[in-house]
Each structure stands twice: as structure tokens, then as C-alpha cells.
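All remarks here apply to the structure that follows.
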Amino acid sequence: MLILALDVVDHERALKVAKDTAEFVSAIKVNYPLVLTAGVDVISELSEIRPVIADFKIADIPYTSGLIAKIVFEKGVRAVIAHGFVGRDTLQEVRRVASDYDGEVYVVTELSSTGGKEFMSEHALEIAKLAESVGCDGLIAPATRPDRIRAVKSAAPSLKVLCPGVGAQGGSVEDVMKAGADAIIVGRAIYNSPDPRESARRYFEELRSVREKI
Ligand code: C5P
């Protein structure tokens, strides 16, 4: 499965990239850069093209976290991403709100950047187990470190694992899928390419051929 990370900062460009790549993309991940420039209603517009995952990395007290989740589910998102380091109470509240909308919750175990190794990596497996015990749907694990994908997968085998870090951050589709990922999340390598549709098509085809080999 290919998920587009749509971190562009222009409303029209976001809609164009989303439409151009829609045939090859299973979901669109929206993060702060787009919503802070185009406004939160862009979520509803994108939801008409493909299911939207709101990547606001929710990391607050349960009340505030639940409120953030409620606002974006009201705008039509299919799933939200929360940080796991915030602990059980916040994840439970985000899960509760998501369930009201039949929505999904994905939990970050560690960032794909180098800094993800500084503090988060040490607790990533506990976070994975917590997410599973709270009834979340999946984890966000680093495509840049396939060994970590394997580790969280074995800590929480019932959860899906979505992996950002392919392309611009250096992760390879083959390594990530062999490590057990359920989806790759690709941003700059698609939307910054001269032909985003063609780039999305290539990732889509690569995913298919890697899956046939595994
Ligand atoms: O452009 P690129 O493909 O690197 O985009 C990756 C996207 O995934 C960004 O939106 C980034 O915030 C997000 N992300 C990540 N690593 C995580 C969690 C989310 O790169 N662990």
C-alpha cells in the first residue's frame, strides 16, 4: 500500500498532486505544513479524493488530544496519528473518540529521523505493546531503520505498520517490505518530482513487484 505524505504548502498544488496521483495512492497523509497554510477545510476536500490520515502527531493531555481528534474526524479523516510516548490515558481517549467515527488510530513508536534514536527508540517496543493493548490499529515505524520495523512488528504482531522515510530520507521499498511493513509513506520523492503522477506510479509498481518476491 502506498500512502502519499502531502506536505506541500500551497492549496491548489496540494489538490493537483492529490488528484494526479490518486490512481496509485491508497491514502493521503496530511501534516501541519499543509493545514497551517491551506486551512483545515483542505482535509474535507482531500477526503473526497482519497481517505485522509491526519498526522498531527497528537501528544497532549487526554482532553486536548481527544478534542484534536474530534475536530479532524468531523472534517472527514479516516485515521489519526498520535505519539505513543504520551502514555496510556491519552491513547485511550484518542481511541475512544476515533471509535465514535469508526476511525483508525496509528501510533508513532520512534521518528524516522536520526533524532528518533536519541530518546524514542529505547521505549519503542513498550509503545508498540501499549498501542496494541489500547486497541489502536497500527504503528508508524521508521523506513530508515528496517530492523526497528521488525522489532515493533514482533512486539505487537496484531498491528499494521506504516513506514515513512522512503525516498527523501533514504529508506528502500524492498528493505521496508521485507521487514514486514504494511504500507510505505512517501512525500517529497513524489510531490517534489517533476512528474508526481509518474513517481507515484513507479512506487506503486515497485511495491507490487517486491510483494511478489516476498
Ligand atoms: O518527504 P518524506 O517522504 O520524508 O515525508 C515523510 C512524512 O512522514 C512527513 O510528513 C513526516 O512528518 C512523516 N513522519 C516521518 N517519520 C515518522 C513519522 C512521521 O517522517 N516517524
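According to the working numbering, the residues represented by the sequence shown are 1045 to 1258, in order.
Quick reminder that beta carbons are idealized off the backbone N, C-alpha and C, glycines included.
If you're wondering where the values come from, they're calculated on a predicted model, not measured in any experiment.
Would you check whether the ligand C5P has a heavy atom nearer than 6 Å to the C-beta of ARG1246?
Start at 1 with the first residue of the sequence shown, and residue 1246 comes out as number 202. ARG1246: no, Cβ never under 6 Å from the ligand C5P.
Opening and closing residue of the beta strand (DSSP E) in which PHE1068 lies:
In the sequence shown, the residue the question calls residue 1068 occupies position 24. No beta strand (DSSP E) holds PHE1068; DSSP gives it neither H nor E.
Return the chain-ordered list of same chain residues with a C-beta closer than 6 Å to the C-beta of TYR1145, the five sequence neighbours on each side being excluded.
Position 101 of the sequence shown, counting from 1, holds the residue named residue 1145. The residues are PHE1117.
In the DSSP assignment, what residue or residues form a beta bridge with LYS1204?
Within the sequence shown, numbered from 1, the residue matching residue 1204 stands at position 160. GLY1182, per the DSSP bridge assignment.
Taking 7 Å as the threshold (C-beta atoms), are GLY1224 and LYS1257 in contact?
Walking along the sequence shown from the start, residue 1257 turns up at place 213. Walking along the sequence shown from the start, residue 1224 turns up at place 180. No.
Is it the case that the CB of GLN1213 approaches a heavy atom of the ligand C5P more closely than 6 Å?
Your numbering for residue 1213 matches position 169 in the sequence shown. Yes - the ligand C5P has a heavy atom lying nearer than 6 Å to the Cβ of GLN1213.
Where does the unbroken beta strand (DSSP E) through PHE1100 begin, and where does it stop?
On the sequence shown, residue 1100 is found 56 positions in, with the first residue counted as 1. Start and end: 1096–1102.
Note the first and the last residue of the continuous beta strand (DSSP E) segment covering ALA1227.
Stepping through the sequence shown from its first residue, residue 1227 is reached at position 183. Residues 1227–1230.
In whole angstroms, give me the CA-to-CA distance for VAL1205 and ARG1057.
By 1-based counting over the sequence shown, the position of residue 1205 is 161. By 1-based counting over the sequence shown, the position of residue 1057 is 13. Using only the alpha carbons, I get a separation of about 29 Å.
Please report the straight-line C-alpha distance between LEU1046 and GLY1110, rounded to a whole angstrom.
Position 2 of the sequence shown, counted from the first residue, corresponds to residue 1046. Position 66 of the sequence shown, counted from the first residue, corresponds to residue 1110. Rounded to the nearest angstrom, the two C-alpha atoms are 28 Å apart.
Neighbourhood of VAL1061 by C-beta, 7 Å cutoff - its chain only, sequence neighbours within 5 removed
Locating residue 1061 in the sequence shown gives position 17, where the first residue counts as 1. Within the same chain, VAL1061 has close Cβ partners LEU1050, VAL1052, TYR1235 and PRO1240.
Using the Cα positions of VAL1121 and GLU1148, report the straight-line distance between them to the nearest angstrom.
In the sequence shown, the residue the question calls residue 1121 occupies position 77. In the sequence shown, the residue the question calls residue 1148 occupies position 104. Rounded to whole angstroms, VAL1121 to GLU1148 spans 9 Å at the Cα level.
Can you tell which of GLY1211, CYS1180, VAL1141 and VAL1152 has the C-alpha that lies nearest to the C-alpha of ILE1193?
Your numbering for residue 1193 matches position 149 in the sequence shown. Ranking GLY1211, CYS1180, VAL1141 and VAL1152 by Cα distance to ILE1193 puts VAL1152 first.
Rounded to whole angstroms, what is the Cα-Cα separation between MET1164 and LYS1073?
As a working mapping, residue 1164 is identified with position 120 in the sequence shown. As a working mapping, residue 1073 is identified with position 29 in the sequence shown. In a straight line, the C-alpha of MET1164 is about 22 Å away from that of LYS1073.
Does GLU1137 come out as helix, strand or coil in the three-state DSSP assignment?
The residue given as residue 1137 occupies position 93 in the sequence shown. Reduced to three states, the DSSP call for GLU1137 is helix.
What's the C-alpha gap between HIS1167 and PHE1129?
By 1-based counting over the sequence shown, the position of residue 1167 is 123. By 1-based counting over the sequence shown, the position of residue 1129 is 85. Each residue's alpha carbon lies about 8 Å from the other.
Closer than 6 Å: is that where the CB of GLY1128 sits relative to any heavy atom of the ligand C5P?
Position 84 of the sequence shown holds residue 1128. Not so, every heavy atom of the ligand C5P lies at least 6 Å from the Cβ.
Using only the alpha-carbon positions, how far apart do VAL1254 and VAL1141 sit?
Taking the first residue of the sequence shown as position 1, residue 1254 is located at position 210. Taking the first residue of the sequence shown as position 1, residue 1141 is located at position 97. Answer to the nearest angstrom: the Cα atoms are 36 Å apart.
Integer Cβ distance of ALA1195 from LEU1183, believed to fall under 8 Å:
In the sequence shown, counting from the first residue as 1, residue 1195 sits at position 151. In the sequence shown, counting from the first residue as 1, residue 1183 sits at position 139. ALA1195 to LEU1183, Cβ: 11 Å. No contact.
CA nearest to the CA of ASP1181, picked from ILE1097, VAL1217, TYR1150 and GLU1242:
As a first step, residue 1181 must be located in the sequence shown, where it is residue number 137. For ASP1181, the closest C-alpha among the options ILE1097, VAL1217, TYR1150 and GLU1242 is that of TYR1150.
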